[in-house]
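Have a look at the structure below, then the notes.
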Amino acid sequence: MSITEQQKAIIKSTVPILKENGKEITSMFYKQMFENHPELLDIFNQTNQKIGTQPLALANTIYFAAENIDNLQILMPQIKLIAHKHRALTIQPEHYPIVGKYLLLAIKQFLGDKSTQDILDAWAAAYNIIANIFIDIEKQLYDELGPNEEDKGFVPLTIVKKEVIAHESIVALTLERPQNGKMFKFHVGQYLTIRIRKDGNFHNRHYSLTRPFDGKSYSIAVKIENMNEIKGIVSNEIINNYNIGDTILASFPAGTFQLVENGKHHLFIGGGVGITVLSSMIHELNKQGKSNDAILIHCVPSEEYAAFNAELKSILPEGQYQLFCKDQRLGKDDLEKVLKADTQVYICGSVPFMDRIESLLVECGHPSSQIHIEAFQPTLSVIKGAVNDEAETKVL
Numbered sequence: 137m138s139i140t141e142q143q144k145a146i147i148k149s150t151v152p153i154l155k156e157n158g159k160e161i162t163s164m165f166y167k168q169m170f171e172n173h174p175e176l177l178d179i180f181n182q183t184n185q186k187i188g189t190q191p192l193a194l195a196n197t198i199y200f201a202a203e204n205i206d207n208l209q210i211l212m213p214q215i216k217l218i219a220h221k222h223r224a225l226t227i228q229p230e231h232y233p234i235v236g237k238y239l240l241l242a243i244k245q246f247l248g249d250k251s252t253q254d255i256l257d258a259w260a261a262a263y264n265i266i267a268n269i270f271i272d273i274e275k276q277l278y279d280e281l282g283p284n285e286e287d288k289g290f291v292p293l294t295i296v297k298k299e300v301i302a303h304e305s306i307v308a309l310t311l312e313r314p315q316n317g318k319m320f321k322f323h324v325g326q327y328l329t330i331r332i333r334k335d336g337n338f339h340n341r342h343y344s345l346t347r348p349f350d351g352k353s354y355s356i357a358v359k360i361e362n363m364n365e366i367k368g369i370v371s372n373e374i375i376n377n378y379n380i381g382d383t384i385l386a387s388f389p390a391g392t393f394q395l396v397e398n399g400k401h402h403l404f405i406g407g408g409v410g411i412t413v414l415s416s417m418i419h420e421l422n423k424q425g426k427s428n429d430a431i432l433i434h435c436v437p438s439e440e441y442a443a444f445n446a447e448l449k450s451i452l453p454e455g456q457y458q459l460f461c462k463d464q465r466l467g468k469d470d471l472e473k474v475l476k477a478d479t480q481v482y483i484c485g486s487v488p489f490m491d492r493i494e495s496l497l498v499e500c501g502h503p504s505s506q507i508h509i510e511a512f513q514p515t516l517s518v519i520k521g522a523v524n525d526e527a528e529t530k531v532l
C-alpha cells in the first residue's frame, strides 16, 4: 500500500476536522460498526465505550498518526504498545478492513456535502498504511507464542489462590494452567488479559502481573470497585463469582512497560492499586541483587490500604520505602531528595495522579526520557487538546 504526496497534503489539510470533532466521528463509527458486526463487542472494551474513553483514544490515535504521516517511525513506541493490547485481545488481520470501512463511512457522513472522493481515498490510503504496520507487528507477537493456535487466544487458567489484601480493597489471585500446561515467560511490567462472560457478551480487562515469572503461575491483583460503577464489570465479576478451583479465561502476558535495562537508579511512584505493576519490578530487582538501587514511593489513603506493604518493606533498604498517606501530600521537595541525574522513574496510578507526578518531575527538571508511565485506560490520548474533550487516558 502507498500514499501519494497529494493524498498526504489532503490528509494534513483535513486533520483539523478530526482534531476538533474526533470523538463525535469515532462515536458514529463504533455505533455503526457494532450494529453491523455485533461479534466485535466481544473484543472492544464495553466499559471504555460507555464512559467515552475508547472513542477518544481512537480519535487521538488517528489524529496523531495522520499528523505524522510523513514519519510514522516516530510513533513506533505507541504503535507497539497498542499492538500488544491488540494481540492480548486476539485482534486479527481480518478485523482491520471492517474497522476501515466504518471509519471511512463515519468520516463521509460527518463531512456531508464537504466530502469528496479524493478526501475519502486519501484517508483510505493512510488507514491502510497504518493498519498494515499493526498487522505486521501483531503477527510477530502471535508468532512468539509458537505454532499452537490455542496458545494465541484465550485459554482457561485455574485459580489456585485467592486472598483479600490491603484493607479489603484488593483481591490477589494466583493462576495456573490445568494439567501442567505450558505457561509463557514474561518480563516484569507486563499484564494478563482476563475475559469473563456477562449479559451475553465477553468483557475483557488487563491486570498487571505482580510477581516475576516462577515458571508455573501468574499473579495478579484486582481492585474491588464500587458495584454501581460501570468500570467494575470484570473486576467485580471475578471477585464475587470466581473462587479457588474455578477456571477463568486469559490470554498470555503482553505489554511494553518494563525496567530500563542497565538502569543504575530506579524510583517507583505508585498511586493506590498502581503498586501492582511496580511490585513485580521491585521483586525482579531484588532477584538480581539490585534492591539497593530502588526507591518506592506509595501514595494511599492510609497505611492499611498499602498493598504488599510488609513484603516490599522487607525487600527495600531502610528509608527506601516511603509511604505517603492522605495527610502527607507528595511534593517537589520530596522528589528532589531522592532523584539523581540518572534515575529512571516509573509511575502508575490514576490519570490525575500520574499527571500530577509527571508535572512535579518536570518542575524538578528531570528528563522526560527517564520518566516511564503505565496507564490503566486506552492509550494515545496523551496529545493534550487533540480532541475537543478532556482526555482521561495516558500513554507511555
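Positions 137 to 532 (my numbering) are the ones given, in order, by the sequence shown. Where is the CB? At the ideal position from N, CA and C, for every residue including glycine. On a predicted model such as this, the values are computed, not experimentally measured, just so you know.
Identity of the residue in Ile273, Asp287, Gln326 and Ala219 nearest Cys484 by Cα: Ranking the options by Cα distance to Cys484, first place goes to Gln326.
Counted within 10 angstroms of its Cβ, other Cβ atoms place Ala522 as buried (16 or more) or exposed: The pLDDT assigned to Ala522 is 31, lower than 50, so where the model puts this residue is not dependable, and the model offers no usable value.
Rounded to a whole number of angstroms, what is the C-alpha to C-alpha distance between Gly336 and Ile405? Here the C-alpha atom of Gly336 lies approximately 39 Å from the C-alpha atom of Ile405.
Where His401 and Ala308 are concerned, what is the direct C-alpha to C-alpha distance, given to the nearest angstrom? Pairing His401 with Ala308, the inter-Cα distance amounts to about 29 Å.
DSSP three-state label for Lys426, please. Reduced to three states, the DSSP call for Lys426 is coil.
Report the residue from Tyr482, Asp249 and Ala302 whose alpha carbon sits nearest the alpha carbon of Leu497. Leu497 has its Cα closest to that of Tyr482, out of Tyr482, Asp249 and Ala302.
Inter-stretch contact (C-beta, 8 Å, three-pair minimum) for the stretch 377–389 and the stretch 287–299: A contact exists between the stretch 377–389 and the stretch 287–299.
Let me know the secondary structure DSSP gives Leu293 once reduced to three states. Residue state, collapsed to three classes: strand.
Beta bridge counterpart(s) of Thr479 as assigned by DSSP: Paired residues: His401.
Note down the Cα distance separating Leu516 from Ile375, rounded to an integer number of angstroms. Below a pLDDT of 50, predicted positions are generally treated as unreliable, and Leu516, at 39, falls in that range; the measurement from the model is reported next regardless. Cα to Cα, the separation comes out at about 30 Å.
Determine whether the beta carbon atoms of Thr392 and His220 lie at a separation below 8 Å. Yes, these two residues count as a Cβ contact at 8 Å.
Using a 10 Å radius around the Cβ and a threshold of 16 neighbouring Cβ atoms, would you call Cys435 buried or exposed? Buried, because 16 or more other Cβ atoms sit within 10 Å of the Cβ of Cys435.
Closest to Phe489 by C-alpha separation, out of Glu286, Ile411 and Ser138, would be which residue? From the listed residues Glu286, Ile411 and Ser138, the smallest Cα separation to Phe489 is found for Ile411.
Rounded straight-line distance, which links the Cα of Glu420 to that of Gln456: When rounded, the distance between both Cα atoms is 16 Å.
7 Å CB neighbourhood of Thr150 in its chain, flanking five on each side removed: Once the five neighbours on either side are set aside, the close Cβ partners of Thr150 are Ile255.
In this structure, does DSSP put Glu304 in helix, strand or coil? Correct three-state label for Glu304: coil.
Burial state of Pro233, where buried means 16 or more other Cβ atoms lie within 10 Å: Looking at its Cβ environment, which holds fewer than 16 other Cβ atoms inside 10 Å, Pro233 is exposed.
Could you spell out the range, first to last residue, of the alpha helix (DSSP H) harbouring Thr150? Element bounds for Thr150: Glu141 to Asn172.
Applying the 10 Å Cβ sphere with the 16-neighbour rule, what's the burial state of Ile534? The chain is shown only over 137 to 532; residue 534 falls outside these bounds and no answer can be derived.
If contact is defined by three or more beta carbon pairs under 8 Å, each pair taking one atom from either stretch, is the stretch 424–435 in contact with the stretch 351–359? Contact between the stretch 351–359 and the stretch 424–435 is absent: fewer than 3 CB-CB pairs across the two stretches fall below 8 Å.
Does the beta-carbon distance from Ala443 to Ile306 come in below 8 Å? Closer than 8 Å, so yes.
C-beta atoms of Val324 and Leu403 nearer than 8 Å: Taking 8 Å as the Cβ cut-off, Val324 and Leu403 do not qualify as a contacting pair.
Can you find the residues in the same chain that come closer than 8 Å, C-beta to C-beta, to Ile273, ignoring five residues on each side of it along the sequence? Apart from sequence neighbours up to five positions away, the residues of its chain that approach Ile273 with a beta-carbon distance below 8 Å are Ile215, Lys216 and Ala219, ordered along the chain.
Check for me: the alpha helix (DSSP H) holding Asn316 runs from which residue to which? Segment: none, Asn316 is in no alpha helix (DSSP H) and carries neither H nor E.
Report all residues from its chain with a CB closer than 8 Å to the CB of Glu439; omit the five preceding and five following residues, and keep chain order. Excluding sequence neighbours, Glu439 sits near Asn445, Leu459 and Cys461.
Quick one: what's got a C-beta closer than 8 Å to Ile295's C-beta in the same chain, skipping five residues either side? Same-chain partners within the cutoff: Leu309, Thr310, Leu311, Tyr378, Asn379, Ile380, Gly381, Asp382, Thr383 and Ile384.
Helix, strand or coil at Lys298 [DSSP, three-state]: Looking at Lys298 - three-state DSSP - the assignment turns out to be strand.
Identify which residue in Lys449, Glu494, Pro453 and Leu452 has its Cα closest to the Cα of Leu471. The option with the nearest alpha carbon to Leu471 is Glu494.
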